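FYI, in our numbering the residues of the sequence shown are 1 to 741. Worksheet for the structure shown next.
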Amino acid sequence: MIEPMGNQYIVARQVYSKNAFDEEHKKMQRYHKTILDHFRICCRCSSQKFKKIALSLFPIASWLPAYHLKEWLLSDIVSGISTGLVSVLQGMAFALLVDVPPLYGLYAAFYPVIVYFFFGTSRHISIGPFPILSTMVGAVVIKSGSTTDSEKIMAAASITVLVGIFQLALGLLQIGFIVIYLSEALISGFTTAAAIQVLVSQLKFILQLTVPSFTDPFSIFKVLESIFTQIKKTNIADLVTALIILIIVFIVKEINQRFKHKLPVPIPIELIMTVIAAGVSYGFDFKTRFNVAVVGKMESGFRLPSSPSMKIWLDNIGDAFSIAVVGFAVAFSVASVYSIKHDYHLSGNQELIAFGLGNIVGGLFKGFASSTSLSRSGVQESTGGKTQIAGLLSAIIVLIVIVAIGFLLEPLQKSVLAALALGNLKGMLMQFTEVRRLWRKDKYDCVIWIFTFLATIILGLGLGIAAGIVFQLLTIVFRTQFPKCSMLANVGRSDIYKNRNDFPEIYEPEGVKIFKCSSPIYFANIGFFKRKLIKAVGFKPARILRKRNIALKKIRKLEKKGQLQITPKGFIYTAGHIKDSDDELDNNRVEELDQPIQTTDLPFQIDWNAGLPLNIEVPKINLHSLILDFSCVSFIDTSSMRGLKSILQGFLRINVDVYIVGTDDDLVEKLERCGFFDQEVQSSIFFLTIHDAILHIWMKKNYIISKYNHNQEKEMKVDFTINTNGGLRNRDCQVPVETKL
């Protein structure tokens, strides 16, 4: 019964062990579905299920019929045109990262958008080239040893098809949850390092230097070494142009960011600078006058599809999988932000299918891997985009450039495209500030960020993210292998128990220790758990047990020889001394010393904390009850059960009662299935709460003391106060105890 009294409450109930609670409150028998049941449901056919599958595979069938033509169309048109212009420029700029002609960046900005329109579930992200992904594809192109443009195009297209196959397979197998293994700290550290890789890779276009391609670890340092040794050959015209554009782009992007709530649409600085740069280059003929590198011939129209290279696939399977995971993780994280903001459902598995199909189609038609760009998606959403109609219109803008007006961009300097690519890295490079924030909030996440960043810089993009994922998983092992363990005490003389080191006024029952473990218990941390527990109680149960068994053997030997007399005041020892050989004999029989203490054959009871016969010493302990708080223990594996049982047996064999509280029912059932319980370790040690266990201990000790006083015909008063209300009865001891607040 619960009685509310203002901001307080009074609970009146009996003390519950788990067994007592189960007897009084019978659990309902629930049927748990087996793997076969799930398989049957999966294979069951119905019209409703077919409709659900069809709508999940083609999300456009859900949102297009509900499209608000009058309210959304104008916003989507404005957004689509703005996003399309940015897509054209970024597609050409990011093509330099792949080391293919800029025209093929337009293909990467066209085909995946069309496919995503039908299969994607996000309404706001802009599909197309992404600088980090383009750099990873470029690394594969370099590794392939391609020298001509046609070979580079084939290598980029082939790896893109394989990336799409991986993403499609993961989506069909419903493995969209794979993104959960890429934490925010890992993605931030990886993209920051990748942004630096992009920066270094674009220096050769800004300075117009011939830099060899490197793909092995430490390649970034080799590229920098090559650049510095050729620094005198820098084309000043390209350098000045790139610096001017970079400065202007950074300034305008900062203005867009600070005044985004006041500006109707972000200033399209990339478009403005491209138009100006192309016009100036065309009017003054920079290519002839200053010997700068330009975009060159932009052939109109599309290329026929071609089959991918099997050799590229076999040589770069690992890189393809890394690109697939990174591309999906970045896109899904951006899409999640907008889905939460605009309140609609996002399917990770369907996103994998959409990106997979988009990359397969794009790769077959000579494009390279696509994901989403943070800046481009920001333009699409901030300019009023409501659905992927805006994405479709942006693809139409790209289409117009491909088939009609691409020739206008032919005189554009490559250093301009490189500067525009670097201008989109500002947000990623600013992620360095995350280190300080993460250090204050979570040092593990901070270490993950730093490790992933350094691994990506040193090992490269593919190996870097793989090393980051492995290290991140290891930190999870570290967190659980060395969990935070604490000793609890009563706070406020109530049923609340907290870390005794955190509060000045606490109450600890005499002879009782409460130990809390804050992680699962498994094979890797059972030893740590045992060490922490022994340190908390202040003694090793095995050592106490062996000392007592040694003492017991000596007492039996003395009593058998008649050299030991028992009086009401204690032991009287009548012999000379004990031989050392007796100790040596006992110490050599370790297995026997580890067995439970048997005193039933003695005509007296031994108080191990009282005085023993001469020369017999046993460490005294003031602990009679140990409570283990397992409320944070989500599971115990079979490997650690033996170690846990050994720990419990050690305490029980030296007459320290052990109670386990806060466990989940499933955990207790698992222990029962694994044969954890026996005559020593019984299921009756489980209690619902710490307070239930404390009350049970007090009632049990009061019952023992009362029984002892009755037998000795002495009067002994035991006075204690418990912060609860009402009469309590212990089911195990059946001792009525009156308590009061």
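For glycine and all other residues, C-beta sits at the position ideal for the given N, C-alpha and C. Model, not experiment: these values are computed from the prediction.
{"Check": "Between the alpha carbons of ASP666 and SER201, how many angstroms are there, rounded?", "Outcome": "55 Å"}
{"Check": "If you follow the alpha helix (DSSP H) that MET92 is in, where does it begin and where does it stop?", "Outcome": "69 to 98"}
{"Check": "List in chain order: all unbroken alpha helix (DSSP H) runs of 4+ residues lying wholly within the segment 294 to 333.", "Outcome": "310 to 315"}
{"Check": "Rounded to whole angstroms, what's the CA-CA distance from ASP216 to VAL477? Just pull it up for me.", "Outcome": "30 Å"}
{"Check": "Compute the Euclidean distance between the alpha carbons of ASP580 and LYS554, then round it to the nearest angstrom.", "Outcome": "Legend: pLDDT at ASP580 = 47, less than 50; position of this residue unreliable, value from coordinates given subsequently. Between ASP580 and LYS554, the C-alpha separation is close to 11 Å."}
{"Check": "Report the rounded CA-to-CA distance for LEU89 versus LEU271, giving the unit in angstroms.", "Outcome": "7 Å"}
{"Check": "Just the Cα atoms here: how many angstroms apart are TYR9 and ASN501?", "Outcome": "27 Å"}
{"Check": "What residue does the beta strand (DSSP E) around SER377 start on, and which one ends it?", "Outcome": "Looking at the DSSP string, SER377 is not in any beta strand (DSSP E); the run it does join, the alpha helix (DSSP H), is 374 to 382."}
{"Check": "Going by CA-CA distance only, name the one from PRO509, LYS535, LEU552 that's closest to HIS624.", "Outcome": "PRO509"}
{"Check": "Determine the contact status of LEU429 and THR135, defining contact as a CB-CB distance below 8 Å.", "Outcome": "no"}
{"Check": "In this structure, does DSSP put GLN208 in helix, strand or coil?", "Outcome": "coil"}
{"Check": "Buried or exposed: where does LYS513 fall if 16 or more other Cβ atoms within 10 Å of its Cβ makes it buried?", "Outcome": "buried"}
{"Check": "Using a 10 Å radius around the Cβ and a threshold of 16 neighbouring Cβ atoms, would you call ALA395 buried or exposed?", "Outcome": "buried"}
{"Check": "Helix, strand or coil for GLY549, going by three-state DSSP, please let me know.", "Outcome": "A quick correction: the sequence has Asn, not Gly, at residue 549. It is helical."}
{"Check": "Beta-carbon within less than 6 Å of PHE118's beta-carbon, same chain only, minus the 5 sequence neighbours each way: which residues are those?", "Outcome": "ILE60"}
{"Check": "Count the other C-beta atoms from every protein chain shown that fall within 10 angstroms of the C-beta of GLY301, then say buried if there are 16 or more, exposed otherwise.", "Outcome": "exposed"}
{"Check": "Quick one: Cα of ALA278 to Cα of LEU412, how far?", "Outcome": "5 Å"}
{"Check": "Quick one: Cα of ILE267 to Cα of GLN174, how far?", "Outcome": "40 Å"}
{"Check": "Can you tell me whether DSSP reads PHE515 as helix, strand or coil?", "Outcome": "strand"}
{"Check": "Starting from CYS485, follow the beta strand (DSSP E) in both directions and report where the run begins and ends.", "Outcome": "485 to 491"}
{"Check": "Quick check on this structure: which residue in LEU628, PRO596, MET487, ILE323 has the alpha carbon closest to the alpha carbon of PRO131?", "Outcome": "ILE323"}
{"Check": "So, for ALA551: in the same chain, excluding its five sequence neighbours on each side, which residues have a beta-carbon less than 7 Å away from its beta-carbon?", "Outcome": "LEU612, ILE616, VAL618"}
{"Check": "Exposed or buried, CYS517, counting other C-beta atoms within 10 Å across all chains shown (16 or more means buried)?", "Outcome": "buried"}
{"Check": "Kindly indicate which residue of PRO483, SER46, GLU669, LEU461 has the alpha-carbon position closest to the one of GLY189.", "Outcome": "LEU461"}
{"Check": "Would you identify the three-state DSSP class for ASN235, choosing helix, strand or coil?", "Outcome": "coil"}
{"Check": "State the Cα-Cα distance for the pair GLN481 and GLY643, rounded to the nearest angstrom.", "Outcome": "15 Å"}
{"Check": "For GLU299, I'd like the list of residues in its chain whose CB is within less than 7 Å of its CB, leaving aside the five on either flank, ordered along the chain.", "Outcome": "LEU103"}
{"Check": "Expressed to the nearest angstrom, what Euclidean distance is found between the alpha-carbon atoms of PHE166 and ILE187?", "Outcome": "20 Å"}
{"Check": "Would the beta-carbon of ASN316 fall within 8 Å of that of ILE178?", "Outcome": "no"}
{"Check": "With DSSP as the reference, please indicate the residues paired to ILE521 in a beta bridge.", "Outcome": "ILE636"}
{"Check": "Sort out for me which residues DSSP pairs PHE686 with in a bridge.", "Outcome": "ILE660"}
{"Check": "Cα-Cα, which of ILE248, ARG479, ILE236 is closest to LEU420?", "Outcome": "ILE248"}
{"Check": "Looking only at its chain, what residues have a beta carbon closer than 6 Å to the beta carbon of ARG13, apart from the 5 residues adjacent to it on each side?", "Outcome": "none"}
{"Check": "Is the beta carbon of ALA242 sitting closer than 8 Å to the one on SER382?", "Outcome": "no"}
{"Check": "Alpha carbon to alpha carbon, how far is LYS143 from PHE259?", "Outcome": "44 Å"}
{"Check": "Can you name the start and end residues of the alpha helix (DSSP H) that TYR111 belongs to?", "Outcome": "111 to 119"}
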